[in-house]
Amino acid sequence: MRHIISILIENESGALSRVAGLFSARGYNIESLTVAPTQDETLSRMTLVTRGSEAIIEQITKQLNKLVDVVKLVDLFEVPHLERELMLIKVRAEKDDREEIKRLADIFRASIIDVTDSSYIIEMTGSGNKLDNFISVLKPEQILELVRTGPCGIARGDKGLVL
Amino acid sequence: MELSGAEILVQCLQDEGVDYVFGYPGGSVLHIYDALFQQDRVRHILVRHEQGAVHAADGYARATGRPGVALVTSGPGATNAVTGIATAYMDSIPLVVLTGQVPTPFIGSDAFQEVDAVGITRPCVKHNFLVKRVEDLAETLKKAFYIATTGRPGPVVVDVPKDVTDPNIKIPYLYPKKVEMRSYNPVTKGHPGQIKRAVDLLLQAKRPVIYSGGGVVIGEGSESLRELVRETGFPITSTLMGLGAFPGQDRQFLGMLGMHGTYEANMAMHETDVLLAVGARFDDRVTGKIAHFCPNAKIIHIDIDPASISKNVKVDVPIVGPVRQVLQDMVKVIQERKKEIDRPAIEQWWQQIEKWRGIDCLHYEQSDEVIKPQFAVQTLYKVTGGNIYLTSDVGQHQMFAAQFFPFDKPRRWINSGGLGTMGFGLPAAVGVKMAFPDEDVAVVTGEASIQMCIQELATCKQHDLPLKIILLNNGYMGMVRQWQEFFYDGRYSHSYVDSLPDFVKLAESFGHVGMQVTKPGDLESACREAFAMKDRLVFLDVIVDPSENVYPMIEAGKGHHEMYLSPHLSSERELA
Ligand SMILES: Cc1cc2nc3c(=O)[nH]c(=O)nc-3n(C[C@H](O)[C@H](O)[C@H](O)COP(=O)(O)OP(=O)(O)OC[C@H]3O[C@@H](n4cnc5c(N)ncnc54)[C@H](O)[C@@H]3O)c2cc1C
Ligand SMILES: Cc1ncc(C[n+]2csc(CCOP(=O)(O)OP(=O)(O)O)c2C)c(N)n1
Ligand SMILES: [Mg+2]
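Protein chains in written order, with our numbering: chain A, 310 to 472; chain B, 38 to 613.
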């Protein structure tokens, strides 16, 4: 089962490696991990996507909580939440393809943020699925470069991850 | 008061009430050594290898319950310390290990004797710090002691770059009275609702077992545990790490459980309907195959670390909290509701247990020709009346000590269980003896293990530590040989310990007394002679039967009911 765990962690050097090290040492898998400081610059917020049985996810959250630098965490999977991911994708855009790609980008509400004679860079945010779908409508040979941030997530309404 | 970083470090140790630091100097800790030299409240014990420093601090901590402190230099000093740190980590022992580091401007430049100590130790510490500014030193040390000793204890490494201890940079010193960390709040009380649920379950039990572990020793829960066992009349077994928390000779004690546990303890685990696990972590040496573990039981688990609960075995009633308080609360509730215990069922359960006990699973064939290692341990017990601190190395001798030396107080049995570190015994005893100079401290060891930290015999000489070293010399890595006999058709690949030194001469060369015993009839008097030499370290080289095995044994991956018994008992087993 896919879980998305949001973590508030002390913004200290080494905090990221403690989390990454925990996952490699205990053989848990990390699908993606994003991290950046919050409005309170002493805190970083991580969003971590992982997969595992219920028992494994329980151990993962306990082990994360046990890290001395972790202040608080929530498994967003258990609450209504939103997820967004950013993708930058450089595509070959020549001749007839230029119009077609622009049209697809419009349909997906993506924006073209760089243009050369032969390529576009397209910026797109959305759920992971939406990004996957966009990739699948492009021809593989059109994709020159692709970079994704991995999702970040936030709970809806009253629920959430605050101190 | 204005102090340099080095002085601050030493002053913090004083303010923390540290009486001993076990260490070894080197370039990056020279400022600290200079500050140590100029005071006499914190005593520095010079070891002969950094692994020994950490094990000694560890032994001190296990025996006293207070944090052990070690000090090592950067690079090789830090890497040598790692085995000791991992040993303490696996057994949840509170340590503060201070490692020197190259000056901050050099970090990351592959400087002389630079290693990423924080990176290397990260997976085997409770937490670690790199102190980048002298202004952070006092608070970091305060945090280190706080983290090491609270909640589930463990080692904390503080990596201190040389420039942070610069004697020429002085700043005002203030040791924080306490620390608060928003990210670290260990549980201090078990949930009353869960405690009540646990008692409900216990009172209904017809075949209960209490399975107690190292957490009861660590968490000072021994008194409350004894009360609980007395109030309920239930049988109790212990892990290797919990021995001594309950008196080893009490009728209600079934002996150790697990891979080399007793027949009665393991069979009781297999048949129990309500298991109360206290400060124990369901290690694989204890559970055997999880699918066969306590197949008919509801399980209650008291542990201070939520991550220990339902890690290996799913439990029914988890109680997160410190053993002592939780057990006290449980005892209170049980005292009020004692009448609810199903006495006839418990009586019947005891009858079954006594039948298992009747097999006498620890029985061994005595000999007048050759000393049996079990007999050597029994002799040690007889001679000392059990009234010693006993440290151990790792192997068959460790298991024989656990089986044949009935500890009746906590903190008396000091061994490496989780990591199983050969070489632990002698340096650990150094730490114990520093803490309790007036008590007898003995080491039970093997000829392979003792060679791993033998250099600490010099430490014992320098600091006048009259330990008694009982070497059960079977000429083999006995535990390895045993596995090769059972599982590799007797192909004894590299488990014969060739080219042994003459241990008597070796001990003498370090300035100690060496004695060798080969005949069962001479053992007791030799042992008495050794313990009578109050102010000398005596190294007793006991030549024991090279072919003896540790029984019972549960093969890795088997269930509790699938024990191998000693060959001459296997037929009797059918009778039970
Ligand atoms: C050669 C060899 C053979 C071995 N054979 C056996 C064997 O046959 N049987 C056996 O039992 N072991 C055996 N061991 C040891 C085994 O590897 C484990 O170290 C041991 O079983 C763990 O003991 P424990 O469960 O008591 O846990 P410990 O490692 O002592 O852990 C303590 C537990 O208590 C918790 N705790 C700590 N403080 C508190 C507190 N204040 N309040 C509440 N909880 C607390 C901790 O969170 C942890 O979960 C062997 C080791 C070796 C080297
Ligand atoms: C540092 C280390 N290396 C290897 C092992 C694996 N090992 C466990 S027991 C053992 C043999 C110990 O031999 P000895 O000290 O003679 O004790 P005996 O079993 O003979 O009593 C070995 C090699 C270990 N536990 N620790
Ligand atoms: Mg041996």
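For every residue, glycine included, the Cβ atom is placed at its ideal position computed from N, Cα and C.
Treat the numbers as computed from the prediction; the structure is a model and nothing was measured.
Coil, strand or helix - residue 433 of chain A by DSSP: Looking at residue 433 of chain A - three-state DSSP - the assignment turns out to be strand.
Of the residues B:184, B:349, B:602 and B:542, the one placed nearest residue 400 of chain B, counting alpha carbons only: Of the residues B:184, B:349, B:602 and B:542, the one whose Cα lies closest to the Cα of residue 400 of chain B is B:602.
Given 6 Å as the limit, tell me if residue 123 of chain B has its C-beta closer than that to any heavy atom belonging to ligand 2. Answer for residue 123 of chain B: no, Cβ out of range of ligand 2.
For residue 344 of chain A and residue 314 of chain A, what's the separation of their Cα atoms in angstroms? Here the alpha carbons of residue 314 of chain A and residue 344 of chain A stand approximately 12 Å from one another.
Helix or strand or just coil, what does DSSP make of residue 462 of chain B? If DSSP states are grouped into helix, strand and coil, residue 462 of chain B belongs with the helices.
Residues of the segment 374-387 of chain A with Cβ closer than 9 Å to any Cβ of chain B, in chain order: Taking a C-beta cut-off of 9 Å against chain B, the contacting residues of the segment 374-387 of chain A are 374, 375, 376, 377, 378, 379, 380 and 381, listed in chain order.
Starting from residue 290 of chain B, trace the beta strand (DSSP E) in both directions and tell me its first and last residue. Where residue 290 of chain B is concerned, the enclosing beta strand (DSSP E) stretches over 290-293.
At the level of alpha carbons, what is the spacing between residue 456 of chain A and residue 439 of chain A? Between residue 456 of chain A and residue 439 of chain A, the C-alpha separation is close to 15 Å.
Checking 7 Å against the spacing of the C-beta atoms, do residue 194 of chain B and residue 165 of chain B come in under that value? Judged by their CB atoms, residue 194 of chain B and residue 165 of chain B are nearer to each other than the 7 Å cut-off.
Give the residues of chain A in contact with residue 343 of chain B, contact being defined as C-beta atoms less than 9 Å apart. Chain A residues near residue 343 of chain B: 371, 374 and 375.
For residue 338 of chain A, is the classification buried or exposed, using 16 other Cβ atoms within 10 angstroms of its Cβ as the cut-off for buried? With fewer than 16 Cβ atoms within 10 Å of its Cβ, residue 338 of chain A is classed as exposed.
Between residue 198 of chain B and the rest of its own chain, which residues show a CB-CB distance below 6 Å, the 5 nearest in sequence each way excluded? Only residues of its own chain outside the window of five on either side were considered, and among them 138, 140 and 141 have a CB closer than 6 Å to the CB of residue 198 of chain B, listed in chain order.
Using the three-state DSSP reduction, which class does residue 276 of chain B fall into: helix, strand or coil? Note: residue 276 of chain B maps to coil in three-state DSSP.
heavy atom of ligand 1 below 6 Å from residue 437 of chain A C-beta: Residue 437 of chain A: no, Cβ never under 6 Å from ligand 1.
Is residue 435 of chain B helix, strand or coil when you go by DSSP? For residue 435 of chain B, the three-state secondary structure derived from DSSP is helix.
Where are the alpha helix (DSSP H) runs, 4 residues long or more, that stay fully inside the segment 394-433 of chain A, in chain order? Within the segment 394-433 of chain A, the runs of alpha helix (DSSP H) at least 4 residues long that lie entirely inside it are, in chain order, 405-416.
Consult DSSP for residue 152 of chain B and reduce its assignment to one of helix, strand or coil. Note: residue 152 of chain B maps to coil in three-state DSSP.
Compute the minimum distance between the beta carbon of residue 484 of chain B and the heavy atoms of ligand 2, and state whether it is under 6 Å. The answer is yes for residue 484 of chain B.
Pairwise C-alpha distance: residue 552 of chain B and residue 613 of chain B: Its pLDDT being 44, under 50, residue 613 of chain B is placed unreliably by the model, and the measurement read from it follows with that caveat. So the two alpha carbons sit approximately 44 Å from each other.
Hey, how far is the Cα of residue 439 of chain B from the Cα of residue 520 of chain B? Going by the C-alpha atoms only, they are around 19 Å apart.
Check the Cβ of residue 221 of chain B against every Cβ in chain A and list those closer than 8 Å, keeping chain order. Listed along chain A, the residues sitting closer than 8 Å to residue 221 of chain B by beta-carbon distance are 377.
Under 7 Å between the Cβ atoms of residue 133 of chain B and residue 72 of chain B? Not closer than 7 Å, so no.
Which whole runs of the beta strand (DSSP E) in the segment 554-592 of chain B are 3 residues long or more, in chain order? When DSSP assignments are scanned along the segment 554-592 of chain B, the uninterrupted stretches of beta strand (DSSP E) that are 3 or more residues long and fall wholly within it turn out to be 575-580.
Within chain A, partners of residue 348 of chain B - CB distance below 7 Å: Within chain A, the residues near residue 348 of chain B are 368.
What's the C-alpha gap between residue 328 of chain B and residue 503 of chain B? Each residue's Cα considered, the two are about 48 Å apart.
Per-residue contacts from residue 334 of chain A into chain B (C-beta, under 8 Å): Residues of chain B passing the Cβ test: 160.
The segment 322-348 of chain A: positions lying closer than 8 Å to chain B by Cβ: For the segment 322-348 of chain A, residues whose beta-carbon sits nearer than 8 Å to a beta-carbon of chain B comprise 322, 323, 326, 327, 330 and 334.
Leaving aside the five residues before and after residue 351 of chain A along the sequence, list all residues of the same chain whose C-beta is less than 6 Å from its C-beta, in chain order. These residues qualify, in order along the chain: 320.
Applying the 10 Å Cβ sphere with the 16-neighbour rule, what's the burial state of residue 49 of chain B? By the neighbour-count criterion, in which 16 or more other beta carbons inside 10 Å mark a residue as buried, residue 49 of chain B falls on the buried side.
Please work out which residues of its chain come closer than 6 Å, Cβ to Cβ, to residue 431 of chain A, disregarding the five sequence neighbours upstream and downstream, and give them in chain order. Taken in chain order, the residues that qualify are 398, 414, 419 and 421.
Ligand 3 heavy atoms versus the CB of residue 529 of chain B: any closer than 6 Å? No, ligand 3 has no heavy atom inside 6 Å of this Cβ.
Hey, is the segment 469-485 of chain B in contact with the segment 505-523 of chain B, meaning 3+ C-beta pairs nearer than 8 Å? Yes: the two stretches touch, three or more of their Cβ pairs being nearer than 8 Å.
Check whether the segment 564-583 of chain B and the segment 268-277 of chain B are in contact - that is, three or more C-beta pairs closer than 8 Å. Of all C-beta pairs linking the segment 564-583 of chain B to the segment 268-277 of chain B, fewer than three are shorter than 8 Å, placing the two stretches out of contact.
Quick check: the Cα distance between residue 407 of chain B and residue 225 of chain B, rounded to an integer number of angstroms? Near 53 Å, if we compare the C-alpha coordinates of residue 225 of chain B and residue 407 of chain B.
Just reading off the alpha helix (DSSP H) that residue 466 of chain A is part of, what are its end residues? Taken as a continuous stretch (DSSP letters only), residue 466 of chain A belongs to no alpha helix (DSSP H), as it is neither H nor E.
Just checking: is the beta-carbon of residue 350 of chain A within a distance shorter than 7 Å of some beta-carbon in chain B? Against chain B, the CB of residue 350 of chain A has no partner CB under 7 Å away; the residue lies outside that interface.
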